[in-house]
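Chemist: Residue numbers (the working numbering), protein chains in the order written: chain H, 1 to 605; chain P, 1 to 232.
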Amino acid sequence: MRCPLSYLRRWKLALVIGSLLTAIGTAWPAEEGYFPVKGGRVWRTFEEWQGGESDWTDLVPPHLEYSEVRFKMGDDPRWARVDWDDARWARRGYYVPVLQGVMWVRFRVRDLTAPLPPAVYMVLSAAHELYWDGIPVGSSGVPGNDAATEKAGRIRHNYLVPETLRAPGEHVIALRMSTHRQPVIARNSTLLFCLTTPAQLEIQRWRFLAAPVMQVGAMALFALAAMVMWLVGVRRRALLYFGGVCVGCIGIQGSLIVEYTISRPYDIGFASLGLLVTSCSAMSLIALVAEQLNLRGVRWAVVGVVLAYLVLVDRSGAPWGSRPYLVMLLALLAALGYTVVGVSRKRRGAMIACVGVLLSVVVDLRSPIDFMRANMLVGFLPTELAMFALIALDLRDERRKAREAQLTAARLEVELLKQNLQPHFLMNTLTALAQTIRENPDRAMAFIEDLATEVRMLAGMAAEKHVTLGRELELCRTHLRVMRARTEVDWELQADGIDASALVPPALFLTLIENGFSHQRAERPATRFRLRARAETGNMHYEFFSPGVAVMESARVEGGTGLRYVRARLEESFPGRWTLSHGPGEGGWETRVDLRAAPAGGDRP
Amino acid sequence: MRILIVEDEAVVARWIEQSCRRCLGARLETLRVAGTFAAARAALEEAPIDALLLDLNLGGEDGMALLETSVAGSFHTIIVSANTEHALRAFEHGVIDFVPKPFTDARLAQALARLTETGGHSPHAARYLAVRKHGRVQLVAVERVRYVQGADDWAELVLDDGRRELHDKTLEKLGAILPSDFERIHKSFLVRLSAVRALHVHEGSRYEAELSDGTRLPVGRTRYKELREKLG
């Protein structure tokens with residue numbers, strides 16, 4: 001059995017590339033998002049304030065408005081106050097800057113028609129304290145002047161604003177914050193500040209959780225099925241790649257579940273992690289499709305995906321959240337390429353794979369380009385299903401082939417005995433024996449001994465797939481002694497270059513000898529069969545010569561049941577690794593059998 | 001008696017040879033052994049024989065071809081072979097016996113006896129008679145033969161459509177392999193009993209058999225009584 005760890009070697013490349021992409025990505029700061037704010041205070045709806053429609057738009061009351069964000073480096077507790085004049089502070093959009101040291105961010109919310117909703121849902125990648133109209137309502141971690149004094153908090157927050165602070169009208173939000181522990185080098189980080197009801201938030205949370213939970217379940221089932229198959233002995237590399245894809249998906253979806261339940265500390269680079277895991281998953285997917293369709297060049301496909309990523313995605317400055325998605329899409333396109341090649345080369349199941357991957361691409365293109373959105377990996381499902389179907393088809397074929405092999409083995413066993421213990425052989429031999437007993441009892445005893453040995457050897461090797469050449473030659477020589485006793489012709493077998501331990505199908509050369517007797521007329525003194533063996537880097541070449549002219553050359557070429565048996569036996573013992581050719585030679589018939597060495601992993605069933 | 005043994009296994013050939021010598025004794029005139037069919041054909045060309053002891057399988061060569069030629073000959077053929085699956089076909093072609101290998105001296109002697117005894121008959125009747133025509137051997141179905149007229153060393157088969165075919169075997173030898181339905185009604189005639197419609201007695205103890213197509217054949221004086229009993 002091969003150690004499962006040895007397959008990890010295949011993922012090493014994917015890991016390295018994933019890390020590399022992460023490193024390149026983190027060194028490449030994304031663009032800032034400014035509002036074009038000029039002059040005095042500008043009020044905007046939540047949607048405008050967020051820079052476009054988002055998942056949260058519906059949750060925020062329609063009359064709620066947000067002012068532009070202003071910020072200032074430094075630290076002063078008075079900056080939390082409602083009446084503090086921030087008119088001269090720097091203006092920001094919904095991004096907050098990532099700078100060294102403590103800074104303050106201020107903005108206002110107002111609803112002139114109704115009290116403000118009580119729940120604040122906030123996503124901010126910073127340690128912070130939140131003040132509502134100058135009163136602290138929540139905090140996450142502890143802001144500090146440097147990385148040592150800062151304590152990182154979680155990235156997603158739910159705060160409740162007391163009823164007394166929510167009267168209709170304008171309210172001041174102030175954030176004291178620091179971002180020393182940003183995992184990604186960026187000039188700013190997103191600020192989501194959603195005001196809504198706790199019930200709405202709960203619904204929203206489950207909307208986000210449903211897909212990842214389902215997908216983790218599905219992928220875990222897939223992975224478990226693959227693992228069980230592996231454990232019960234279906235040792236296919238495809239299963240490991242399959243498991244790799246599943247585990248990658250579980251990793252991403254699982255972390256999404258964590259994110260939407262307890263949230264992560266802001267200093268853990270989720271997008272980079274996502275990119276890393278997605279890369280592994282994506283590379284496994286390419287390897288899986290290539291393996292299943294028996295195509296080569298996975299390394300080049302992976303390199304192609306990486307290059308495409310660097311050229312198309314990385315340089316475009318695509319947002320972090322979209323990068324794993326794009327890696328995924330590129331991998332799916334590479335897999336699609338493989339399936340197209342598979343179809344053109346008429347690989348088994350290539351059509352199923354092609355349809356599966358194509359569906360994946362379509363699903364992927366239609367889902368939001370954001371890996372935080374759970375749909376991203378839904379696209380994998382059709383491909384995974386197609387691959388699972390292919391593996392199942394393979395297994396079915398294997399079972400059928402195994403059954404056929406069993407039948408073949410049984411048939412060949414019968415065939416060997418039938419060929420060599422034919423009634424007329426026994427009857428003729430017994431007739432000769434009867435006369436020999438009369439003429440020369442001593443010789444008759446030897447005759448009986450030889451006949452018994454031959455029958456014993458035949459019975460002993462009939463059910464075997466391979467016998468040593470030594471045993472085979474012993475059988476041949478015993479048979480020739482029997483024939484010598486019958487015909488009083490000095491039949492001989494000369495063997496050169498023999499490796500007695502080499503393996504051959506049982507009764508291979510015996511059948512060739514019998515074919516010689518059946519189809520050729522040997523005249524004395526040409527009564528010598530000859531076997532020449534040559535080993536060449538694990539391959540064996542045999543040249544077998546049987547003396548005498550062919551009685552009927554066409555019948556000799558066809559070879560009858562004997563040759564059919566030889567061919568069937570060769571195919572059983574050396575599947576796809578043998579060739580047999582024969583033809584008339586000098587004073588006899590030449591048969592050439594070449595046996596090629598088995599591939600490293602053994603014969604494919 | 002002149003015998004040709006066709007057998008490629010020297011040991012067995014020796015046995016058959018010894019058996020022949022023992023059984024036939026002084027009656028044995030010549031005995032030759034051929035190891036191949038080619039040698040057998042040459043031996044047949046070389047000198048006439050009275051009996052052929054033939055192995056059907058010589059080192060993979062099928063003896064049926066030689067059999068078909070030999071049954072057209074004037075001699076009887078005995079098959080000595082392990083290929084018992086050919087026995088029925090051999091009998092159909094008109095061999096006088098089939099001795100399966102391995103055999104005993106007694107069994108071989110029994111076969112040889114069929115050659116020498118008067119009235120010796122094949123255990124299974126022939127269904128075909130091989131006739132030599134234009135240098136080729138043709139098979140004639142026995143059921144089509146109405147009667148056989150004997151000449152000196154050969155016979156003439158008269159078929160149901162009136163055609164006549166020459167056969168190299170004598171009337172005696174044909175009688176030994178034809179079905180028991182065929183009766184010797186005259187020293188020169190073998191007739192299928194079922195084809196006899198009536199018997200006529202003429203003056204001067206002259207007897208005639210009338211066949212279903214009106215043909216009248218002479219009946220031997222000594223055979224008339226027996227024939228009348230058989231016809232009832």
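For each residue, glycine too, the CB sits at the ideal point set by N, CA and C.
1) Using 8 Å as the limit for Cβ to Cβ distance, is P48 of chain P near chain H?
2) At 3 residues or longer, what runs of the beta strand (DSSP E) sit wholly inside the region 101-152 of chain H?
3) Hey, could you find the ends of the alpha helix (DSSP H) M540 of chain H is sitting in?
4) Q292 of chain H: buried (16+ other C-beta within 10 angstroms of its C-beta) or exposed?
5) Label H63 of chain H either buried or exposed according to how many other C-beta atoms from any shown protein chain fall within 10 Å of its C-beta, with 16 as the threshold for buried.
6) Under 8 Å, Cβ to Cβ, is there at least one residue of chain P near N428 of chain H?
7) Going along the region 7-36 of chain P in order, which residues come within less than 8 Å of chain H, judged by CB to CB distance?
8) I96 of chain P lies in the beta strand (DSSP E); which residues open and close that run?
9) In its own chain, which residues sit with a C-beta less than 7 Å from the C-beta of N57 of chain P, not counting the 5 before and 5 after it?
10) Tell me which residues share the same chain as G101 of chain H and place their Cβ nearer than 7 Å to its Cβ, disregarding the 5 neighbours each side in the sequence.
11) Buried or exposed for P605 of chain H, please, with buried defined as at least 16 other CB atoms from any protein chain shown within 10 angstroms of its CB.
12) May I ask you to report which of helix, strand or coil DSSP gives S212 of chain P?
13) Would you please verify whether the beta carbon of K230 of chain P is less than 8 Å from any beta carbon of chain H?
14) What do you reckon, are the CB atoms on F227 of chain P and E172 of chain P nearer than 8 Å?
15) Excluding the 5 residues flanking L508 of chain H on each side, which residues of the same chain have their C-beta closer than 8 Å to its C-beta?
16) Classify P77 of chain H as buried or exposed, calling it buried when 16 or more other Cβ atoms lie within 10 Å of its own Cβ.
17) Would you tell me roughly how many angstroms separate the C-alpha atoms of E68 of chain P and S501 of chain H, rounded to the nearest one?
18) Candidates H:E590, H:R577, H:H582, H:P584: which alpha carbon is nearest A598 of chain H's?
19) Helix, strand or coil for R315 of chain H? Go by DSSP, reduced to three states.
20) Do the region 146-154 of chain H and the region 105-116 of chain H make contact, defined as three or more Cβ pairs closer than 8 Å?
21) Could you name the residues of the region 82-113 of chain P whose beta carbon sits closer than 8 Å to any beta carbon of chain H, in the order they occur along the chain?
22) Based on DSSP bridge pairs, tell me the residues matched to C280 of chain H.
23) Is any beta-carbon of chain H found at less than 8 Å from that of E165 of chain P?
24) Tell me which residues share the same chain as R534 of chain H and place their Cβ nearer than 7 Å to its Cβ, disregarding the 5 neighbours each side in the sequence.
25) Of the residues P:R221, P:A10, P:V12, P:I16, which one's Cα is nearest the Cα of A111 of chain P?
26) DSSP three-state call for N428 of chain H: helix, strand or coil?
27) Return the chain-ordered list of same chain residues with a C-beta closer than 7 Å to the C-beta of R197 of chain P, the five sequence neighbours on each side being excluded.
28) In its own chain, which residues sit with a C-beta less than 8 Å from the C-beta of H200 of chain P, not counting the 5 before and 5 after it?
29) Got a sec? Which residues, its chain only, sit under 8 Å from L503 of chain H by beta carbon, not counting five neighbours each side?
30) Use the C-beta contact count for R556 of chain H: other C-beta atoms within 10 angstroms, 16 or more gives buried, fewer gives exposed.
31) Just the chain P side, please: which residues come within less than 7 Å of A432 of chain H by C-beta, in chain order?
32) Should L390 of chain H be listed as close to the ligand SAH, given that the test is whether its C-beta is under 7 Å from any heavy atom?
33) How far does the beta strand (DSSP E) with W43 of chain H in it reach, from first residue to last?
34) Compute the distance between the beta-carbons of R88 of chain H and E68 of chain H, then report whether it is under 8 Å.
35) Between the beta-carbon of Y224 of chain P and the beta-carbon of L190 of chain P, is there less than 8 Å?
36) What does E68 of chain P touch in chain H if you count any residue whose Cβ is under 9 Å from its own?
Modeler: According to the data block:
1) no
2) 103-111, 119-124, 127-132, 135-140
3) Taken as a continuous stretch (DSSP letters only), M540 of chain H belongs to no alpha helix (DSSP H), being part of the beta strand (DSSP E) at 539-547.
4) buried
5) Flag for H63 of chain H reads exposed.
6) yes
7) D8, E9, A10, V11, V12, R14, W15, T36
8) In the DSSP assignment, I96 of chain P falls outside any beta strand (DSSP E) and carries neither an H nor an E.
9) G63, S81, N83
10) M73, N145, S178
11) Legend: pLDDT at P605 of chain H = 43, less than 50; position of this residue unreliable, no value from coordinates given.
12) coil
13) no
14) First, the amino acid is wrong: residue 227 of chain P is Leu here, not Phe. No. Outside cutoff.
15) E472, V566, R569, L570, V593
16) exposed
17) 50 Å
18) The shortest Cα separation from A598 of chain H among H:E590, H:R577, H:H582, H:P584 belongs to H:R577.
19) coil
20) no
21) A82, N83, T84, P100, K101, P102, F103
22) Partner(s): none; C280 of chain H has no beta bridge.
23) no
24) G497, H541
25) The residue with the shortest Cα to Cα distance from A111 of chain P is P:I16.
26) The answer is helix: DSSP assigns N428 of chain H an H, G or I state.
27) E210, L211, S212
28) Y207, E208, A209, E210, R216
29) Here the set comprises H466, V467, T468, L469, S573.
30) Per the 10 Å Cβ criterion, buried.
31) E9, V11, V12
32) Looking for the ligand SAH in the displayed structure turns up nothing, as the structure carries no ligands at all.
33) It spans 43-45 - the beta strand (DSSP E) in which W43 of chain H sits, taken as one unbroken run.
34) no
35) Not in contact: Y224 of chain P and L190 of chain P (Cβ atoms no closer than 8 Å).
36) In chain order: nothing, as chain H lies at least about 17 Å away.
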